[in-house]
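Trainee: Using our numbering, you'd call the opening residue of the sequence shown number 333 and step up by one each time.
We put the beta carbon where it would ideally sit given N, CA and C, even for glycine.
Everything numeric in this text was worked out from a predicted model, so none of it was measured.
Have a look at the structure that comes next, please.
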Amino acid sequence: MDLHTYLRNFPDAQGRFGEYGGVYLPDELVPAFEEITEAYQTIAHSAQFINELRRIRKQFQGRPTPVYHCERLSRHLGTSQIYLKREDLNHTGAHKLNHCMGEGLLAKYMGKKRIIAETGAGQHGVALATAAAFFGLECEIHMGAVDIAKQAPNVTRMKILGAKVVPVTHGLQSLKEAVDSAFESYLNSYQDSIYCIGSVVGPHPFPQMVRDFQMCIGVEAREQFLEMTGLLPDAVCACVGGGSNSMGMFTAFLGDPLDIYGVEPLGKGPRLGDHSASITYGRKGVLHGFESIMLQDEDGNPGPVHSVASGLDYPSVGPEHAYLHDIGRVNYVTATDEEAVDAFFKLSRYEGIIPALESSHAIAYAMKWARENRGGAILVNCSGRGDKDVDYVVEHYGYGEDHQFPA
Ligand SMILES: *Cc1c(COP(=O)(O)O)cnc(C)c1O
């Protein structure tokens with residue numbers, strides 16, 4: 333496909349990628365999202381906005397992040413070469429800041445004084461609180477009481493950064509209730525607030541806007557890889573939760589003759605409730621204001637999910653991924669909890685890089701690819717660093733000595 337034609341046509345004016353995407357909202361919220369769409373289509377494409385975002389990326393975030401050749405790991409696996417795009421070196425340790433700084437800058441240009449969001453594991457909350465501090469905006473993060481107890485360090489970081497963390501104490505007290513609570517707060521205050529979604533999900537324009545803000549990953553990586561090797565890689569891969577780091581990586585390569593792999597979390601196995609592989613095992617449905625492929629129980633409710641990586645356990649996926657799956661441009665594959673933990677230790681031991689458990693899924697698939705393909709090169713997005721995961725990993729798997737890793 334031709335990349336420029338693709339970007340001109342997807343999403344369409346209704347915010348659709350083929351049959352997916354769109355806007356499914358209560359009537360009262362529609363004007364608020366229309367205001368964001370209009371602002372995004374005008375302000376965010378002005379030279380002033382783009383130049384300011386460039387300056388922020390370079391001076392505050394530390395972009396461009398490098399591409400790194402994993403020589404020792406590659407040699408251990410065979411004759412193929414693994415390269416990492418080091419989003420773990422982005423400020424705050426993951427790719428999420430890329431779209432949070434874009435959303436924060438848009439809020440500023442729109443004259444809003446507050447940004448509102450929900451967070452599950454707290455990674456989006458921390459990135460957004462960082463952006464709010466940078467731009468001098470108020471920040472209100474809705475979080476289930478259960479998640480607040482589980483993710484204490486991220487709650488602490490948000491508070492140090494000046495965010496107000498709103499505990500949600502009804503229902504399961506987790507992500508779904510936090511979304512409802514954040515929407516309600518937004519409904520009451522959208523004149524001076526903006527809602528900031530944490531991935532390429534939600535109603536239009538968020539799947540497009542977050543993709544565009546994340547596209548710097550793939551644009552940089554493509555140029556860096558060409559400069560390092562004189563060629564394009566044979567394959568590109570990234571992990572898929574909601575799908576933002578992967579869309580950021582994939583978009584720049586959609587027009588190139590190479591294979592693209594989105595890696596979904598297979599958790600403990602293919603039974604409903606044991607994994608979060610939405611595209612692999614899901615079907616069409618509407619959740620959180622957009623249509624996509626989602627995991628559902630027999631009654632059509634969002635399915636229960638699990639992954640060792642808390643940033644990947646979402647029962648749906650960005651609508652553009654559903655579309656790219658249907659047209660066959662991106663291959664969606666899986667990695668289990670065990671394969672991800674194996675990759676976590678391998679990258680740590682062979683390269684001195686401790687990856688996030690989310691990113692470890694992409695690295696696990698790249699390792700499999702490298703074993704099966706002789707003499708090729710695969711470029712993997714290392715979406716974040718694993719500091720947040722070390723206590724969990726050591727508690728459940730020790731330091732790696734006693735764990736039976738996949739062959
Ligand atoms: C949140 C997170 C993810 C998953 O989100 P996507 O929108 O699928 O990218 C992946 N990696 C890291 C490090 C994260 O924090």
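According to DSSP, is A453 helix, strand or coil?
Mentor: Coil, per DSSP.
Trainee: Excluding the 5 residues flanking F538 on each side, which residues of the same chain have their C-beta closer than 6 Å to its C-beta?
Mentor: Cβ neighbours of F538 beyond the five flanking positions: I529.
Trainee: So, for Y356: in the same chain, excluding its five sequence neighbours on each side, which residues have a beta-carbon less than 6 Å away from its beta-carbon?
Mentor: These residues qualify, in order along the chain: V618 and G621.
Trainee: Note down, in chain order, each residue of its chain lying with its Cβ closer than 6 Å to the Cβ of S608, except the 5 sequence neighbours on either side.
Mentor: Counting only Cβ-Cβ distances below 6 Å, and skipping sequence neighbours, we find P597, V637, S639, L644 and D645.
Trainee: Buried or exposed, going by whether 16 or more other CB atoms sit within 10 Å of the CB of T369?
Mentor: Label assigned to T369: buried.
Trainee: Cβ-heavy atom distance between E690 and ligand 1 below 7 Å?
Mentor: Checking the Cβ of E690 against ligand 1 gives yes.
Trainee: Compute the Euclidean distance between the alpha carbons of K444 and Q505, then round it to the nearest angstrom.
Mentor: In a straight line, the C-alpha of K444 is about 29 Å away from that of Q505.
Trainee: Tell me, please, which residues DSSP counts as bridged to M475.
Mentor: In DSSP, M475 forms a bridge with P499.
Trainee: Any contact of the segment 482 to 493 with the segment 544 to 561, i.e. 3+ C-beta pairs under 8 Å?
Mentor: No contact exists between the segment 482 to 493 and the segment 544 to 561.
Trainee: When you measure from the CB of A426 to every non-hydrogen atom of ligand 1, does any distance come out below 7 Å?
Mentor: Within the cutoff, so yes.
Trainee: Which partner residues of T666 appear in the DSSP bridge assignment?
Mentor: For T666, which the question treats as bridged, DSSP gives the partners E596.
Trainee: Between N577 and ligand 1, is the CB less than 7 Å from at least one heavy atom?
Mentor: True, at least one ligand heavy atom lies under 7 Å from that Cβ.
Trainee: For A461, I'd like the list of residues in its chain whose CB is within less than 8 Å of its CB, leaving aside the five on either flank, ordered along the chain.
Mentor: Hits under 8 Å: C471, I473, R489, M490, L493, G494 and A495.
Trainee: Measuring only from the beta carbon, is V640 closer than 7 Å to any heavy atom that is part of ligand 1?
Mentor: Answer for V640: no, Cβ out of range of ligand 1.
Trainee: According to DSSP, which residues form a beta bridge with F349?
Mentor: F349 is bridged to Y352.
Trainee: According to DSSP, what are the bridge partners of Q628?
Mentor: DSSP lists P634 as partners of Q628.
Trainee: Terminal residues of the continuous alpha helix (DSSP H) containing I611?
Mentor: From DSSP, the alpha helix (DSSP H) with I611 extends over S610 to Y613.
Trainee: Grab the span of the alpha helix (DSSP H) containing A553 for me, first residue to last.
Mentor: C548 to T561 is the extent of the alpha helix (DSSP H) around A553.
Trainee: Measuring CA to CA, which of G594, P343, F392 and A688 is closest to G434?
Mentor: Checked all of G594, P343, F392 and A688; the closest Cα to G434 is F392.
Trainee: Nearest to G468 by CA position, among H336, N486 and L438, is which residue?
Mentor: Ranking H336, N486 and L438 by Cα distance to G468 puts L438 first.
Trainee: Over what stretch of residues does the alpha helix (DSSP H) that includes S513 continue unbroken?
Mentor: Start and end: L507 to L519.
Trainee: Grouping DSSP H, G and I as helix and E and B as strand, with all else coil, what is F342?
Mentor: In this structure, F342 counts as coil in the three-state DSSP scheme.
Trainee: Could you check the C-alpha separation between Y415 and S642 for me, to the nearest Å?
Mentor: Looking at the two C-alpha atoms, the distance is approximately 25 Å.
Trainee: For the beta strand (DSSP E) holding I685, just list the boundary residues, first then last.
Mentor: From DSSP, I685 is part of no beta strand (DSSP E); its letter is neither H nor E.
Trainee: Enumerate, from N- to C-terminal direction, the unbroken alpha helix (DSSP H) stretches of 4 or more residues contained entirely within the segment 367 to 408.
Mentor: Runs found: 379 to 388.
Trainee: Can we count S624 as close to ligand 1, meaning its CB is less than 7 Å from some heavy atom?
Mentor: Not under cutoff, so the answer is no.
Trainee: If you draw a straight line from the C-alpha of F515 to the C-alpha of M560, how long is it?
Mentor: Rounded to the nearest angstrom, the two C-alpha atoms are 46 Å apart.
Trainee: Taking the beta strand (DSSP E) that L416 belongs to, which residues open and close that run?
Mentor: Start and end: Q413 to R418.
Trainee: Please classify Q540 as buried or exposed, where buried requires at least 16 other C-beta atoms within 10 Å of its C-beta.
Mentor: That one is buried.
Trainee: Using the Cα positions of G457 and Q373, report the straight-line distance between them to the nearest angstrom.
Mentor: The straight-line gap from Cα to Cα measures roughly 25 Å.
Trainee: Just to check, is the beta-carbon of L339 closer than 7 Å to a non-hydrogen atom of ligand 1?
Mentor: Result no, Cβ not under 7 Å from ligand 1.
Trainee: Taking contact to mean 3 or more Cβ pairs, one atom from each stretch, closer than 8 Å, check whether the segment 571 to 582 and the segment 708 to 726 are in contact.
Mentor: Result yes; three or more Cβ-Cβ pairs closer than 8 Å.
Trainee: Looking only at its chain, what residues have a beta carbon closer than 8 Å to the beta carbon of L590, apart from the 5 residues adjacent to it on each side?
Mentor: Excluding positions up to five away in sequence, the list reads L564, P565, D566, A567 and V568.
Trainee: Look at E683 and C432 and say whether their C-beta atoms are less than 8 Å apart.
Mentor: No; because the gap between Cβ atoms is not below 8 Å, this pair is not in contact.
Trainee: So the beta strand (DSSP E) A570 belongs to, where does it begin and stop?
Mentor: Where A570 is concerned, the enclosing beta strand (DSSP E) stretches over A567 to C571.
Trainee: In terms of DSSP beta bridges, what is K616 paired with?
Mentor: Partner(s): I625.
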